[in-house]
Amino acid sequence: MKSQDPNFPMRRASLTALLLLSFGLTAVRGPATAAELGLTEVPVEASVGVSPAESEVMQLQLEVEPRWDATLGDAGSAVLSFRLRLDGKDELEPGAPPFDNYDGPSKPLTLGDAGTLELRDVYYEHRLSSGLLRVGKQQIVWGRLDGVKILDVLNPQTFREFILDDLGDSRIGLWSAYLDYSVGAWRAELALIPDQTSHDIPEPGAWFELRAPRFRFGAPVDAAGLPRRSEGGSDWLEDGALGLRLSRFVGGVDVSGLYYSGQDHEPLGRVGLGEDGLFLEQYHRRREVLGLSAESSFGPVAWRAELSHQPGRRFNVRGAAGLDEVELDQSVLGVGADIQLPLNLLANVQLLWDRVHDAPAGLIRPNEDQLATVFLRRGFAYETLQTEFRWYHSLTDHDDTMALRASYAVNDELTLFASGEWFTGTPLGLFGQFARQDRVVLGFSRYF
Amino acid sequence: MQSQPVSQEPAARFFFRVTARPRLTVVLSLLVILLCAGGLATIVKDTSVKAFIPPEHPSLVSDALAEEVFGLSDSLAVAIVVTDGGSVFEPARMELVRELTDRIEAMPNVRRERIASLATESSIRGVDGAVEVDPYISRGRIDDADARDAWRRFSAMTPHQDALASADGRAAIIMAELADAKLASDSYEAALAIAEEYRGDGLEIHVAGPGAVSGFLSTYIDRDARKMQPLVFALVLLFIYTAFRRRQAMLGPLLVIAGATGGAMGLMAWMGIPYYAITNALPVVLVAVSVADSIHILTAFYQRRTLHADAPVRELVIEAMVDMWRPITLTTITTIAGFVGISIMSIMPPIIMFGWIAALGVALAWVFSLVSLPNVLVLLDPKPSPAFKSWRHNQPSGIGRALAGIGAFSARNYVVVLSLFALVLVAVAVGASRLHIDRAQVDNFAPDEPIRIADTVINDTFAGSAFLDVIVQADEPEGLLDARRMRKIADLQAYFESLPHVQKTVAITDYLTLLHVAIEELPASAVAERVLPDSDDAIAQYLLVYEASGDPTDFEEEIDTEYRTAMIRGVLNEQHFSRNRDTVARLQSYIEREFSEPGMTAMLTGDVNVSYHWMRSLQRSHFGGVLISLMLVLVTSMLVFRSVSTAIVAVVPVSFTVLMLYAAMASFNIYLEPATSMFAAIAIGVGIDFAIHLIDKLREALALHDEDIFRAVDHALPLTARACYFNSGALAIGFGVLMTSELALLQRFGALVTLAAVCSYVLALSIVPALFAAGRAISVDTFRPVPRMAASMAALILLLSVGMVWSQGAFSQSDDVENNGGLDGAGVARRIAARDEGAASRRILDIVLTDRRGKTRERSALVLKMNDGAERATRFTYLEPKSVREVTFLSHDALDAAASDERWLYLPATRRVRRIPASDRGDYFLGTDFTYEDIQSEFKLSLDDYDFVLDETLKTAGGMRYRISGAPKTPAIGAELGYGGFRAVVNGESWLFNEVEFLDLDGELLKTVTINSAEAFDGIWCATDIEVVNHQTEHQTRFLYERVEFPATLPREAFEANALARGLAAQLQQ
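In the order they appear, the protein sequences are chains U and Y. Position 1 (the first sequence) corresponds to 1 in our numbering; numbering is contiguous. Going from the second sequence to our numbering is simple: count from 1 and add 448.
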């Protein structure tokens, strides 16, 4: 697999250079100068995952995510962070994945079958009189809801752990330039993203492989799919993305409007005929997103809402030749609220409606998706023990996932945690497709 | 004419008697109106700020003292600004200043002895150890050498710089105090005329100052009153014509309007109640309100006239009156309740009088409508109106049908209508919570008005035009001939000058310094440092020397002739309450701390102080007043309808309208001030009528149609909704006229009350049928009257509740006034509350958390705070440990308890700023043993939350200590705070707690807070080591503050939620 990637030596060289630079920065840490290293932190997380259905360990993972902050004069700063993942069981991301959804400079390094090294952030940030400019590999977050992506459209994400991972961990940073500037009561944000990386969808055989037909271009659940290829070649300038967001407070409500034009991170498919027979080619189209979001609070309730409209988005439909492409409008509305309940209990409730307008028969994805999420959290013993309950329910597919998590901060550096995830439903459904993938995870995280 | 009543109903009999002698009744009505209106000739105007404060209020007491001892009164400021690059210290211009001073001095109403300008004041300088006091501008011809000498002397006279002339010599000012504030308008006009004569090339002359502003406001009011009142009459009559399309229809309402407006205003004048600034709106309000009754009566009459064109007019009039007297009486009672509610809760005389006179006018309108209007109709015998011709076939008019259609739709789709209403209500409530309280008198004028321009010029060129003064008073004559006390005054000046918007202070110490420098031949820098003589004798001797060299009355504005009372004048370049309130509060706190020694006291005075107390009164009383008004309206509705549910339906539209007004004000940046605070009262008073009319007719129709709500709506609404439509239109036109005012304030007033009139009608039309339909869906008995006794009991219980709230409010106000100097438990709490927190602060906080096993966790955070008067913003950014680094908590806590707090959390891991719900005050703060309330209030236990008791006063080596205890005022407050009470020891120097023990809701000891150390930074006390032990969990938290700073301000961006994700600028982190 490695030999198929022509950029591999270059990437390894550049990552190595960055690593050396980062260790060099650590070494020069000393008297304050114009360029001063602000912080070096190395969070380490080790976890063991067990499949209750098979009574087997399915995850034996070590994650190290070192981060360096450097202050460069009065207005400048730089950040560099990596993520090293080693998994002794190698079931979440089996083998050495090709990462062909990643644009060249963003692609993680595979370290044998069981490890990856990924550049998470590397950017330079310059403070302006009323804002900042940030250039480099970074995440730009414009969504307001939790765990669902309606307006959080600038960065793709990895579905390595489906949607159970924190979005901050699963979001993929992109090489981009970001300007955040305030003019009076208005805040304007502009993002230019030449990076063409798209969603990282688990390969066949992965623990969280997307098995439902809607994610497999209509292929039945247990049928072997066609071999896949990815359409290559894109121009960073012509195919790059542009995002603009304007925000301000209106009567105590934080309101934002955004426009995004760039690559649709969800792939489309078409059937092709090659030398070895039929194959499925995955490719991406552009999309335009118009969005509005708002957030406010009254008393013990903080509410937020996101609305997106995507005119002429491309979707796959079943056609005479296998898969056709249609252009349809899509609207998504999400509303949510945090509610501070008695006994220090925090509840978060969200509802999402996702509708494709005038959908023809044979649309691969459902015409309409409705999702409800509930999240409860309570801290005990001065917040040293945190317990969380998460419930996702698809109102379209009538299936669910539930997750429980408890974490205990032994001290400021060390936290122990345990979590469990349960899925119910049919293999055709959003959550039911993982009905056999229940998981219990134990682990710890430690800051060095 | 008939000889018998048309029916045996008591109402019919009554109106039969009322209409027995129409000519006589109308003539008598006119005579009564003329008699009342005769009082208008004696009307007295008082548009001053002070009119808004009760005469016994401490701020007015100190003001009266200042006036008595120092002869201070409102002043005009005439500014001469040189625009050609030259200076006022040129011979010709100095002569002009002298001439202008003479002209102003010769004006009537100007106190000749109280004029200050370069032409009246003298410099002090030392020549060979002797003191020379020389006028800047002497009589006779002035040459270049004189001008240069004057400039040289002026440059050394710090107290005169930016006071008599700008420090750069580009402008001079003449301050002229007025003998009678009520004649300020004439004085302003006269000064303007003089200024106009001297305005020329290279020279601008502006007239401003508190006296001018007050005077000009009076001029404006006159002009507006002359313009608007006839216009209101004309427009309202035109509207009535449109509604009934008969000229004769206008005469009756005209009489009612004249009776209500002329009667109420005339009686007001006869009673000697002054015409305050806000009284200008009263005639317009009365015209608009009084015409409402006429419209309903005329509607009932013309409908009958159309149906029975040949019937005797008296019979038709009596029938119409029998039909309408009840709803008109109901609306009159509820409107009066609305206005009275505001009156009884306010402590400001103009607002109290506005409420009572408006209530009187509404009552008079009712009397004239029921007595005079029927007789006018009988006399005129009006023909059928073309506007009602459809009623010939018993069909409602087009407007009536259309409006009834809205009501019918609302009743049939009540679920949708009420759901939409609930959604809008939430949005409006959120908007209303943003309302701010503020005021500056110059904002009443348009930006291009000369007086506003003059005010800006004076604020920009000189030290300012707003005054905040401190009076220091010794117990005995010559008590201030004391070097230590003079030093204290100089220190006060230094602190005073460090406060926001204070440009300059002038006191006797400045002149003593000049004398000291002159006599001792000290360097010029000693003047700026206010170096004073060390001995008491030297002070007495210096003053004696001055009396020998200069005019003995020169210091009469700074110290009295007994040397017992001194005044420190602070000049501010800002008039807004929101921007000055912090300055006043901090100065008050300073004088309470530093001038509470035996034998000497200090108090604040000046316009800024008066305005501060005025606005604080408004802050305290406004929302309570609105609530009381609504409660009174509810109670009266309960009594008249004998149904709680019906009463609730009646107040829903008007309550929503009030909220909507607040939301509109907040979104258009219209702040709540005394004049705008009337919006709510008027909205309640006039807005309730529509709902009452609709409900009354709906209930009648329900009885007619076997309680079928849909048929009742179809039956009742066409006529009533049409009448209310024209009623609402008349109100909107009446108030809309105010938008033609030259006063920006009245324009806003007009726009918002017009909005209220329309909104309360539209809501009544759409919500009342929906609520009736919803109530009917629940039970057919929902809106039926209950026995009179049950209604009376319910009303009594509500009234008692209102009374309790009111008495509590009244007690807290009198407590504030009467116990100002006493130190009982509440007095100690007030001192604690007045403790200066600084306008901004920056601190590094080390937090040590220790659990019951002794295991500790440490974290460190940067804490930034800013207090802008309306809210306190706190930013809390973790610095350590690494796992939480850069996690930032931001809160905007409204100081007004009625407004809601806002909080945000920035988690770097999510790269997102998240709005979070405002926790209860008693929730624990970020895993510590402190509650949110502890952190936000800095342990200033609030008088609103607790009843305080002073248990013991202790004299210790470290100073006074007060042992106090307290219990929450109500169990609900206790539950909110999480405390059942407290016991505390208070340090009488810093007004910080030494120790506080909090009890839980069961009275068990919950936690002990100990302040281990505290320091004063720039005069502001700050606890630097606070420890709290929770006795029930055995958990401890220790807060250690380091690198404490109290800067004048901090970058606003640091407290903006939108900028939270950007992190902090490097200079703030260091």
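In this text, a Cβ means the ideal position worked out from N, Cα and C, and glycines have one as well. Model, not experiment: these values are computed from the prediction.
Is it buried or exposed for residue i, if we count other Cβ within 10 angstroms and need 16 for buried?
i          : result
Y:Arg-1029 : buried
U:Ser-3    : Note on U:Ser-3: pLDDT 38, under 50, position unreliable in the model; no value is reported.
U:Thr-26   : Bear in mind that a pLDDT of 45 at U:Thr-26, under 50, signals an unreliable position, so the number given afterwards is only what the model happens to contain. Per the 10 Å Cβ criterion, exposed.
Y:Ile-1226 : exposed
U:Ser-176  : buried
U:Gly-443  : buried
Y:Gly-846  : exposed
U:Phe-23   : Because the pLDDT at U:Phe-23 is just 44, under 50, the model does not fix this residue reliably, and the value given afterwards should be weighed accordingly. U:Phe-23 comes out exposed.
Y:Ala-902  : buried
Y:Arg-694  : buried
Y:Ile-1245 : exposed
Strictly under 8 Å for the Cβ-Cβ distance: is residue i near chain Y by that measure?
i         : result
U:Ile-163 : no
U:Gly-443 : no
U:Glu-413 : yes
U:Arg-304 : yes
U:Asp-195 : no
U:Thr-26  : In this predicted model, U:Thr-26 has a pLDDT of only 45, less than 50, meaning its place in the structure is not dependable enough to derive any value.
U:Glu-65  : no
U:Phe-159 : no
U:Pro-300 : yes
U:Thr-33  : Because U:Thr-33 carries a pLDDT of 43, less than 50, the predicted location of this residue cannot be relied on, and the following value inherits that uncertainty. Cβ-Cβ to chain Y under 8 Å: no for U:Thr-33.
U:Ser-81  : no
Just curious, the alpha helix (DSSP H) that residue i is in, first and last residue?
i          : result
Y:Ile-1096 : 1092-1115
Y:His-1153 : Element bounds for Y:His-1153: n/a, residue is neither H nor E.
Y:Thr-1084 : 1055-1089
Y:Arg-1307 : Here Y:Arg-1307 belongs to no alpha helix (DSSP H); instead the beta strand (DSSP E) covers 1304-1315.
Y:Asn-823  : 797-828
Pull the bridge partners of residue i from the DSSP assignment, please.
i          : result
Y:Ala-972  : Note: Y:Ala-972 sits in no beta bridge, so no partner.
U:Ala-435  : BP columns for U:Ala-435 are empty, so no partner.
Y:Cys-1470 : Y:Glu-1463
Y:Met-623  : Y:Ala-525 and Y:Ala-564
At what residues does the beta strand (DSSP E) containing residue i begin and finish?
i          : result
U:Tyr-392  : 385-394
Y:Glu-561  : 558-564
Y:Ile-1292 : 1288-1298
Y:His-1483 : 1483-1493
Y:Met-542  : Looking at the DSSP string, Y:Met-542 is not in any beta strand (DSSP E); the run it does join, the alpha helix (DSSP H), is 539-553.
Let me see if you follow: with CB-CB separation under 8 Å, is residue i close to chain U or not?
i          : result
Y:Ile-1364 : yes
Y:His-884  : no
Y:Val-579  : no
Y:Arg-1555 : No answer is possible for residue 1555 of chain Y: the residues shown for chain Y start at 449 and end at 1518.
Y:Gly-1428 : no
Y:Ala-1507 : yes
Y:Arg-1041 : no
Report the CB separation of residue i from residue j in whole angstroms; it is logged as a contact under 8 Å.
i          : j          : result
Y:Leu-1142 : Y:Val-1216 : 5 Å
Y:Ser-820  : Y:Gly-707  : 7 Å
U:Ser-297  : Y:Ile-1364 : 7 Å
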